[in-house]
Structures are given as structure tokens and as C-alpha cells.
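Chemist:
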Amino acid sequence: MTNPIPMAEIWRGEFLENVHLGHAVICDDTGQIVEAWGDPEAVVLPRSSSKMIQALPLVESGAADKAGLTEEHLALACASHNAAAIHIDRVQAWLDHIGCTDDDFRCGPQQPRDTEIRNQLIRAGEAPCQIHNNCSGKHTGFLTLARHLGAGPEYVDIDHPVQQAILEAFEDVADETSAGFAIDGCSAPNHASSLHGMARAMAFFAAADAGQGQRAAAAQRLRQAMVSYPELVAGEGRACTELMRATQGRVALKTGAEAFFIAIVPERKLGIALKIVDGTTRGAECAITAILVKLGLLDPKHPATLKRMNAPIRNWRGIETGSIRPAAGFCES
406 MTNPIPMAEI
416 WRGEFLENVH
426 LGHAVICDDT
436 GQIVEAWGDP
446 EAVVLPRSSS
456 KMIQALPLVE
466 SGAADKAGLT
476 EEHLALACAS
486 HNAAAIHIDR
496 VQAWLDHIGC
506 TDDDFRCGPQ
516 QPRDTEIRNQ
526 LIRAGEAPCQ
536 IHNNCSGKHT
546 GFLTLARHLG
556 AGPEYVDIDH
566 PVQQAILEAF
576 EDVADETSAG
586 FAIDGCSAPN
596 HASSLHGMAR
606 AMAFFAAADA
616 GQGQRAAAAQ
626 RLRQAMVSYP
636 ELVAGEGRAC
646 TELMRATQGR
656 VALKTGAEAF
666 FIAIVPERKL
676 GIALKIVDGT
686 TRGAECAITA
696 ILVKLGLLDP
706 KHPATLKRMN
716 APIRNWRGIE
726 TGSIRPAAGF
736 CES
């Protein structure tokens, strides 16, 4: 087994204070590894980075078209959103359209990440609802598919038709049998794969075209929805949104909990999967940014780049105390 390698460093003054280790794989549409760091066969839980895979059955089954879903809906199905008004208003309208309510969700309530909505709830003395969960768009997609299939209400159960369809899609695009599953923060099963498998899956999304069959057509639509509406996939200030904008739609990006990140690069038919082993988001954001810069997909001087790679760290008085930067030797030409 290959050990994880240094990917991001935290400097305080002239001292190297911390190092984030990780694994990453770049894969082409034939399933071959183009470049890898660490152990490409490390078994991982991709968490929310797998949301576009979880949305495949929604589209390929015909449920999305039957419900009249737009690109905005599909972007929300792939989202880990801030629960800003642009997110929850659209999810609520979608719920209303399919005849469901907040009580039909199985994701659980979550404090909104969006400051304005969170403060509104506090001022009103109200608790957050399930619609405020960052995964409520994905779960509305699950509900839409469950109703299309005529399946029962417990759509997060592993033996539910929705989850069985997702498992089949996951193993197909990853081109491997899943090692098992764990329960995600939103209560849905999250299937394990090798890092190489996730990169293969993302390369499938990168190469997908409408003329290649139902699954590929669904993947192309989901990929396009993400780059068309980056603000719905995450939200203002978030890495997914800002980096997709910075690449001008050339790359679809999705973060996952515990420092996972994927990238889909259609123009090169490449998929990227990355995991920082200590679970620190700042390390994953720095590392994926460095890979995109290395590939020439991201301007090293773009503000979204500089926010995450070679970025200053400041204390509470605004004094620059250090920086976060790619580890020496990582992603260097």
C-alpha cells in the first residue's frame, strides 16, 4: 500500500506548522490513471462528492422529465447548499410541485449556513427545518424518483428501490463492486469505492454525451447543470461555486465531507478524485486548486485561486501570520 503524500502545508512565519497528507487520482475516459499521488486504490467514502452519481437514476428513469425539472432543479439535486433564499425557495417550490412537504424528508433539520436565513430564524424564534439541510435538493430528487417508481416513503433505506438504483449506477460508473456503505450526515447510504473508482466515475461524467445512451445522457445533463448554476451547487463564498466560476464552466466541482473533492473536466475527458486523510477542508481546497492550476484549467492569479492556494492566514487583528500553500513537490511541473 502506498502512503498518503504531503499535499498542503500551513506556514506560520518561517515555521512549517502543519502538513495535510492525501491521495489523488486523475483518470481518463478509458479508466486509465493519467497521474496519481499516494494510493489510488485507497478505499474511501466520497460523501457529497458522489451526489451527481446519486442523481443519475432521477434523470435516466424519466422521473426528472415527467416532473418537468429544469437545469436549476438538477443542480440542486447535486448540491450541498448554504440554505440561502436562492436554495430553499427553489427546493420549496419543487416540493410543492411534487405534492410533498418538509415532513416527507428523511435528511433531518440543519442550521442554515447562510447568515441571513439563520438570523431570520433566530429573530422569529423558529428552529431550522429539514429544508434547511444542505442536502435538501438531493432529497427532493429522491422523493421525485420514489413517487415516479411508486415506492414507499422510507427512501433512504438501503433496500428501497431508490437506493438500489443508486447502488447499481454507482458500481457501474465506478466500474467496481462497492466495498460497502455507511450512513451519511443526511441519513442516506454513502457507498465506498477506491479513489481510482471515483476518478473513473468522474471521467465517465466528463466524457458523457447525449448520444451515448440514457446513462451518459443523464450524466451530461447533470454535469451541465452544475456548471450552469454554480451558485446553486454550493453558494456564495464556497469553493465549489467560486472555482467553477473561475474556470468559466470548463470544470464541474463538488466537495464532500471529511476533505473529499472531485473535478469533472469535459474538454479533456478527465475525472479527478482527491482525499485529504485528516479530513480538513482547507487542505482539500488547496490541493484541488493546485491540481487545476497544474492542468492549466485555473489561472494561478485568479482571486478564487489565491483564496485557497498560497493564501495568507491572518489573525484576529488582520495581521498576516502565515499562509496555506501546496506542499513542496506536489503538483510542480
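Position 14 of the sequence shown, counted from 1, bears residue number 419 in the working numbering, the numbering being contiguous throughout. We treat Cβ as the ideally placed atom computed from N, Cα and C, and that holds for glycine.
Tell me where the beta strand (DSSP E) around residue 427 begins and ends.
Modeler: 420-433
Chemist: Go through its chain and collect everything with a Cβ distance to residue 519's Cβ below 6 Å, but skip five positions before and after it.
Modeler: Sequence-distant partners of residue 519 (beyond 5 residues in either direction) whose C-beta falls short of 6 Å from its own C-beta, in its chain, are 487, 488, 489.
Chemist: Does the beta-carbon of residue 429 have 16 or more other beta-carbons within 10 angstroms, so that it is buried, or is it exposed?
Modeler: Buried: at least 16 other Cβ atoms inside 10 Å.
Chemist: In whole angstroms, give me the CA-to-CA distance for residue 449 and residue 680.
Modeler: Within the model, the alpha-carbon separation for residue 449 versus residue 680 is close to 8 Å.
Chemist: Near residue 493, what residues of its chain come up, given a Cβ to Cβ distance below 6 Å and the 5 sequence neighbours on each side ignored?
Modeler: 536
Chemist: Rounded to whole angstroms, what's the CA-CA distance from residue 555 to residue 579? Just pull it up for me.
Modeler: 28 Å
Chemist: Kindly indicate which residue of 472, 664, 661, 697 has the alpha-carbon position closest to the one of residue 654.
Modeler: 697
Chemist: Figure out for me which residue from 678, 699, 466 has the closest Cα to the Cα of residue 443.
Modeler: When each option's Cα is compared against that of residue 443, the closest is 678.
Chemist: Do residue 409 and residue 427 have their CB atoms nearer than 8 Å?
Modeler: yes
Chemist: Is it right to say residue 719 is buried, meaning 16 or more other beta carbons lie within 10 angstroms of its own, or is it exposed?
Modeler: exposed
Chemist: Report the rounded CA-to-CA distance for residue 541 versus residue 414, giving the unit in angstroms.
Modeler: Cα-Cα distance, rounded: 34 Å.
Chemist: Within 8 Å (strictly less), CB to CB, does residue 477 reach chain B?
Modeler: Chain labels in this structure do not include chain B; a single protein chain is all it has.
Chemist: In angstroms with no decimal places, state the Cα-to-Cα distance between residue 465 and residue 713.
Modeler: Taking the Cα positions, residue 465 is about 36 Å away from residue 713.
Chemist: Roughly how far, in whole angstroms, is the beta-carbon of residue 458 from the beta-carbon of residue 547, given that I think they are within contact range, below 8 Å?
Modeler: Not really, about 13 Å apart at Cβ, beyond 8 Å.
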